[in-house]
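Under full-length UniProt numbering, think of the first position of the sequence shown as 1, with each following residue one higher.
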Amino acid sequence: MTPFEALYGRRCRTPLCWYESGENAVLGPKIVQETTEKIKMIREKMKASQSRQKSYHDKRRKDIEFQEGDHVFLRVTSTTGVGRALKSKKLTSRFIGPYQILEKIGKVAYRIALPPSLSNLHNVFHVSQLRKYVADPSHVIESDDIRVRDNLTVETIPLRIEGREV
């Protein structure tokens, strides 16, 4: 018993076995011609199937391109190295940034200006690892003016008194 037969429960059909099973034909030009015709037919059907699947895929696909100077988010995954470069592993966000694109390298790769904390990373990333940053004023967090004393303490003013019990 062959491994194929043990796995699939039937004998393997090679191109020489594609002729009609009732005939005991001798190998010759007729069997070779039938085999090549059937191989051509199989290739045509595979091409038709592949083109149909490609058309389904292309309907939903859009090519993403960035310009120099655009800002993008960088995807955090353990396989790309970005996840390994971050110090905190727990509760990390899916994207970090935004970072500025310095230049386009090839069709799908971009060089990004990374901060010094991520200097151990290679600064060229595939377009699938990037997401466009849409500027929004609500993303900017303004800090309050804090007055620090000479002894490095900060005066805090309570907003309201919750309870008077001690």
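Where is the CB? At the ideal position from N, CA and C, for every residue including glycine.
When the alpha-carbon of residue 78 is set against those of 112, 40, 121, the nearest one is in 121.
Across the structure, residue 129 and residue 7 are spaced so that their CA atoms are roughly 40 Å apart. If you draw a 10 Å sphere on the C-beta of residue 114, you find 16 or more other C-beta atoms in it, and that means buried. Straight-line spacing of the CA atoms in residue 116 and residue 55 works out to 44 Å. In terms of Cβ geometry, residue 101 and residue 70 form a close pair [threshold 8 Å].
A distance below 8 Å separates the beta carbons of residue 11 and residue 5. Excluding the 5 residues flanking it on each side, residue 32 has no same chain C-beta neighbour closer than 7 Å.
Look at the UniProt domain "Tf2-1-like SH3-like" (69–134) and you find these whole runs of beta strand (DSSP E), each 3 residues long or longer: 71–75, 95–105, 109–112, 124–126, 130–132. The criterion of a C-beta distance shorter than 8 Å is satisfied by residue 74 and residue 112.
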